[in-house]
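Numbering (numbering that gives the first Met the number 0), first residue to last: 0 to 854. Cβ coordinates follow ideal geometry from the N, Cα and C atoms, glycine included. Have a look at the structure below, then the notes.
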Amino acid sequence: MKRRLTILLAAAVTLGGGYHPAAAADADKIKAAPATSPTENDKRATTKIVIQDGNSSQRMPVLKVAPGFDVERVTVVSREAQGSWVSLCSDARGVLYASDQYGPLFRVELPAAHDGAVKVRDVKLPIGGAHGLTWVGNDLYAVVGQREVCPPGLYRLRDTDGDGELDEVKLLRALAGDGEHAPHAVVAAPDGRSLYIIAGNATQLPELARSRVPQHWRDDSLLPPLPALMGSELKGLPHGGWICHTDLDGHEWELTAMGLRNAYSLACDATGELFTFDSDTEMEIGLPWYRPTRLLHVVSGADFGWRKGALKAPERAPDTVPALLPMGLGSPTAVLFVTGAAFPQRYRDALFVADWSFGRLQAVHLRPSGAGFAAETEEIVTGTPLPITAACVNPRDGAFYFVTGGRKTQSALYRLTWIGDRIGAAPKDSSPVVIRDAVRRRRALEKFHGREDPRAIESAWPHLGSDDALLRHAARIAVESQPVSGWQDQALAEKQPRSALTALLALARVGDAALQPKLLAALLAMDWHELGALRYEWLRVVALTLTRGGGAKPEIRTRWAEQLGQHFPTNDRTLDVALGELLVFLDAPGIAAKTMVQLHTAATHEEQLDYARILRSLTTNWTPELRGEFFDWLGQASAWRGGGSFKLFVNRLRSDALASAPEPERAGLAKRLAAATPSPAKASAFALPTGRGFVKEWTLTALTALAENAKTPGRIEDGRRWFAAIGCAACHTFAREGGALGPDLTAVAGRFSTHDLLESIVDPNKEISDQYGTIVLTKSDGTQLNGRIGNHSEGVVQVVENLFEPSVVTKVKESDVRSIEPSKISLMPAGLLNLLQADEILDLIAYLKSGLNQP
């Protein structure tokens, strides 16, 4: 057979290697416990199997499997010969293809019988380091993200002579990005005639033929910026991570969405809806702008708001698209629909997502909600450790395959199958795809994105005031895509409040600075009290009008300082931070004293840091006593802990505050900072009032009776204070504020009765979520470490022992690990309610049960 090797590159890349038998061809099985219901996650089976060969890299991890499912380890990858795999796909015949992160592509032939030998050999073409792989028809598409292996870009591989072997590789489009924030995945659109490509925030945009995203993204910072200070965030580009759409030849590229941090993969459902799982910036844990990992519905023209450091757009900002579902800490990898899997329909309709850090595979069950979706998750497989990097469905056997690996860690191939009740027939391929009316309306508006059309304004305007956020977004982007001269007067004249705010938001984003006076006049005509729930959107439009309109002249400052100052504070954290920032920008009289009161009474460290961020650049409005008070606070904050960049940002607050002080005062203030001795009480995540301690040992019976017999409901705002005071906010997010070490509790009232909620607080060890549980790592000498696995790298496991200092890790050589097992002790301490009086517990319950109604 004559092989034809073609590559369109400036220089060829040679990759060595040949056929190497798998390190462990025998399959290790984990059987799930029999179950009558496939959704009873609390009854998942736990099995630990260790290969008795003395090789720690081949140990079977501890796995938990959802009822009705079965997991097999199909093969262990030879780390020396075949590397560490980060992508996976299947062709139509059931042959798998995978790529080493730092080496070539491999072809994986599965045996006809499950107990047969797996054949793994490299694809002898000059390509590797592929983060994404997908088949479209007879062509294999790859996105390369590792420059040391192969120039990054979109490639197409073909079998030109029909012998079943790939023999041609062609670079379709070079992409400027490299490494773990580089170009990542590629998936086919449902029609099979085009592709979607996703890239991390250090990847330049390719040359675009079109853009659905209006190309006027800005940092939009009223105050001197507080950008990223360390690590990968420094490499992030202004547009952030992006998703593009292109034809199968890679000729014309269209920007679909931007503002991502570093989403690794994406998935497209049968109707054409896109989804991705975006990563957090773990080094920013504890800072008010930290965002957890997020499941995102990628709609046309979306800006998901990532910017460097504190420059991120607020999550409630109307000019971004909100997360479909916050997912907590983690490292997102695989995202895919499993339509062709031999699973029950409930799972065939689900979106499967994987997390590399905490070793979990989850099914996300989507349900219609307006023009978008609502979502809930179900854990399918979790492991300790189980660094999943990629997954696919094999059309030959209908099984779900996934691989572990990445960063030169040990790779293995696993097979997930259904062994529960009868599956039922899958729908025929010819079954019509049903698209909901609200989605049809959204898509009709999206047709105007990125192109001028005389029908766009008339079609979009009625939807600017829609109660559906995605319809409003689609309408606004349609309007922003049209010449501003054709709709600016209509925007300024609009009277319906929500429609007016959406139209003025569009005008603030795309209009020129000359429109600022008219925009401000239109905003000033709106009554604060009548705006109600729209107040935050109004404040956001005011801020954008000032930042993009060139600042504020003295007469504007005076008028708006008076207008806004009368509403500050509101006792709504989100509103008060936005108001405070505007008032400091306007140098409003008395703003230093007012904001210092907010700083001292703020319930959480994150809220205090937000006010400090605002005050750090204020040059006037201070008295010497008030400024000294602020510097005393800055000295206390130096003891706080968070992610890797936490202390850097606190130090930046201190240096900015010094630079903003009058020059003659700086030396004395610097000495005051240096002499500060943070008190343990101030440094603690707990903030009980002075003199408070143990109140009573509350039992579940007593607490339930207290809740059931309460004559009056608790006070929600006081409950928020107790939520922070006893340490809940240090670990749990509620209504967009709090920590990320534990589950988000915003919707807890919709899932738990009062009794169950109280029980989970009184007895946190009764049920420990795999996502938020800890591990016990036993070393060869018998010593143990308790905490979480924070990272894996070649030959090393990194353990975070103090979860309140996630940047501090203990490194353990893989060869020195005897076992890693889930801890049976919850991270959450028992007895938290013993610090509260009866009425305070009722306040806390009222706060937790208010979650679904929080803005």
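* DSSP puts Y413 in a beta bridge; with which residues? -> What you label residue 413 is simply residue 414 of the sequence shown in a count that begins at 1. Its beta-bridge partners are R72, F401.
* **Residues bridged to C88 (per DSSP)** => Residue 88 sits at position 89 when you count from the first residue of the sequence shown. In the DSSP output, where bridge partners are listed per residue, C88 has Y96.
* Nearest-angstrom Cα separation, counted from H599 out to G772 -> The count along the sequence shown starts at 1 and reaches residue 772 at position 773. The count along the sequence shown starts at 1 and reaches residue 599 at position 600. Cα-Cα distance, rounded: 33 Å.
* To do: Buried or exposed for H731, please, with buried defined as at least 16 other CB atoms from any protein chain shown within 10 angstroms of its CB.
  => Reading the sequence shown from its first residue, position 732 is the one you call residue 731. With 16 or more other Cβ atoms within 10 Å, it is buried.
* Asked: Can you name, in chain order, every residue of its own chain whose Cβ lies under 6 Å from the Cβ of Y610, other than the five neighbours on each side?
  -> The sequence position of residue 610 within the sequence shown is 611, counting from 1. Taken in chain order, the residues that qualify are T594, Q597, L598.
* **Extent of the continuous alpha helix (DSSP H) to which M595 belongs** => The residue given as residue 595 occupies position 596 in the sequence shown. From DSSP, the alpha helix (DSSP H) with M595 extends over 590-600.
* To do: Just confirm the distance between the C-beta atoms of I844 and T753, as a whole number of angstroms; I'd bet it's less than 8 Å.
  => By 1-based counting over the sequence shown, the position of residue 844 is 845. By 1-based counting over the sequence shown, the position of residue 753 is 754. Confirmed, Cβ separation roughly 6 Å.
* **Identity of the residues DSSP links to P182 by a beta bridge** => If you number the sequence shown from 1, residue 182 lands on position 183. Paired residue(s): A198.
* What first and last residue would you give for the alpha helix (DSSP H) that runs through P516? -> Stepping through the sequence shown from its first residue, residue 516 is reached at position 517. Counting along the chain, the alpha helix (DSSP H) containing P516 begins and ends at 515-523.
* **Residue(s) in a DSSP beta bridge with D934** => The requested residue 934 does not occur in the structure, where the chain is confined to residues 0 to 854.
* **For D158 and F342, the rounded distance between their alpha carbons** => On the sequence shown, position 343 is the one that residue 342 refers to. On the sequence shown, position 159 is the one that residue 158 refers to. For F342 and D158, the distance between alpha carbons rounds to 32 Å.
* How many Å lie between E206 and W252 at the Cα? -> Walking along the sequence shown from the start, residue 206 turns up at place 207. Walking along the sequence shown from the start, residue 252 turns up at place 253. So the two alpha carbons sit approximately 7 Å from each other.
* Kindly indicate which three-state DSSP category A188 falls into: helix, strand or coil? => Residue 188 sits at position 189 when you count from the first residue of the sequence shown. Look at A188 here: in three-state DSSP terms it is coil, with no helix or strand label.
* Asked: For G308, which of helix, strand or coil comes out of DSSP?
  -> Counting from one through the sequence shown, the residue named residue 308 turns up at place 309. In the three-state reduction of the DSSP assignment, G308 falls in the helix class, which pools H, G and I.
* Leaving out the 5 sequence neighbours to the left and right, which residues in its chain are closer than 7 Å to E628 when beta-carbon positions are compared? -> Position 629 of the sequence shown, counting from 1, holds the residue named residue 628. M595, listed in sequence order.
* Asked: Between H472 and V298, is the Cβ-Cβ spacing less than 9 Å?
  -> Here residue 472 refers to the residue found at position 473 of the sequence shown. Here residue 298 refers to the residue found at position 299 of the sequence shown. Yes. Within cutoff.
* Check A560 in the structure and name its three-state DSSP category. => Counting from 1 along the sequence shown, the entry for residue 560 is found at position 561. In this structure, A560 counts as helix in the three-state DSSP scheme.
* **N-terminal and C-terminal residue of the beta strand (DSSP E) that W241 is part of** => Working through the sequence shown from its first residue, we reach residue 241 at position 242. Where W241 is concerned, the enclosing beta strand (DSSP E) stretches over 240-246.
* Asked: For P821 versus V107, is the C-beta spacing smaller than 9 Å?
  -> Position 822 of the sequence shown holds residue 821. Position 108 of the sequence shown holds residue 107. Contact flag unset, no.
* **Backbone CA spacing between L170 and T270 [nearest angstrom]** => Your numbering for residue 170 matches position 171 in the sequence shown. Your numbering for residue 270 matches position 271 in the sequence shown. C-alpha separation (whole angstroms): 29 Å.
* Output the distance between the C-alpha atoms of F864 and T745, rounded to the nearest integer angstrom. => The requested residue 864 does not occur in the structure, where the chain is confined to residues 0 to 854.
* State the DSSP-derived secondary structure class of T388, mapped to helix, strand or coil. => Position 389 of the sequence shown, counting from 1, holds the residue named residue 388. Secondary structure of T388 (DSSP, three-state): strand.
* Asked: Would P677 be called buried (16 or more neighbouring beta carbons within 10 Å of its own) or exposed?
  -> On the sequence shown, position 678 is the one that residue 677 refers to. P677 is exposed by the Cβ-count criterion.
* For A97, count neighbouring Cβ atoms within 10 angstroms of its own Cβ and tell me buried if that reaches 16, exposed if not. => Numbered from 1 along the sequence shown, position 98 holds the residue referred to as residue 97. Label assigned to A97: buried.
* With G131 as the anchor, note down where its beta strand (DSSP E) starts and where it stops. => For the purposes of this step, residue 131 is taken as residue 132 along the sequence shown, with counting starting at 1. 129-135 is the span of the beta strand (DSSP E), which, as asked, contains G131.
* Asked: Taking just the CA atoms, how far does R395 sit from T332?
  -> Residue mapping note: residue 332 aligns to position 333 of the sequence shown, counting from 1. Residue mapping note: residue 395 aligns to position 396 of the sequence shown, counting from 1. Taking the straight line from one Cα to the other gives about 24 Å.
* If we ignore side chains and look at the alpha-carbon of each, how far apart do R306 and A141 end up? -> Position 307 of the sequence shown holds residue 306. Position 142 of the sequence shown holds residue 141. Rounded to whole angstroms, R306 and A141 show a C-alpha spacing of 28 Å.
* Contact between the stretch 280-297 and the stretch 212-219: three or more CB pairs below 8 Å? -> With the cut-off at 8 Å, the stretch 280-297 and the stretch 212-219 do not touch.
* Assuming A266 contacts L335 under a Cβ cut-off of 8 Å, what Cβ separation, rounded to an integer in Å, is found between them? -> As a first step, residue 266 is located in the sequence shown; it is residue number 267 there, counting from the start. As a first step, residue 335 is located in the sequence shown; it is residue number 336 there, counting from the start. In this structure A266 is in contact with L335, their Cβ atoms being roughly 5 Å apart against a cut-off of 8 Å.
* To do: Pick out whichever of L104, E375, S644, G641 has its Cα sitting closest to the Cα of L124.
  => As a position in the sequence shown, residue 124 is number 125, starting the count at 1. Residue L104 is the option with its Cα nearest to L124.
* Asked: C243: which of L222, A208, L109, L225 sits nearest, CA to CA?
  -> Translated into positions along the sequence shown, residue 243 becomes position 244. If we check each option's Cα against that of C243, A208 comes out closest.
* Between the beta-carbon of V380 and the beta-carbon of A389, is there less than 9 Å? -> Taking the first residue of the sequence shown as 1, we reach residue 380 at position 381. Taking the first residue of the sequence shown as 1, we reach residue 389 at position 390. At least 9 Å separates the beta-carbon of V380 from that of A389.
* Find out if the Cβ-Cβ distance for the pair G258, A301 is shorter than 9 Å. => Indexing the sequence shown from 1 puts residue 258 at position 259. Indexing the sequence shown from 1 puts residue 301 at position 302. Contact annotation: G258 and A301 have beta-carbon atoms nearer than 9 Å.
* Pick out whichever of E164, D177, A829, N620 has its Cα sitting closest to the Cα of V143. => Within the sequence shown, numbered from 1, the residue matching residue 143 stands at position 144. Comparing C-alpha distances from V143 to each of E164, D177, A829, N620 shows the shortest one belongs to D177.
* In terms of DSSP beta bridges, what is G152 paired with? -> Here residue 152 is taken as the residue at index 153 of the sequence shown, counted from 1. Answer is V143, A173.
* To do: State the beta-bridge partners of Q481 as determined by DSSP.
  => On the sequence shown, position 482 is the one that residue 481 refers to. Answer is none; Q481 lacks a bridge partner.
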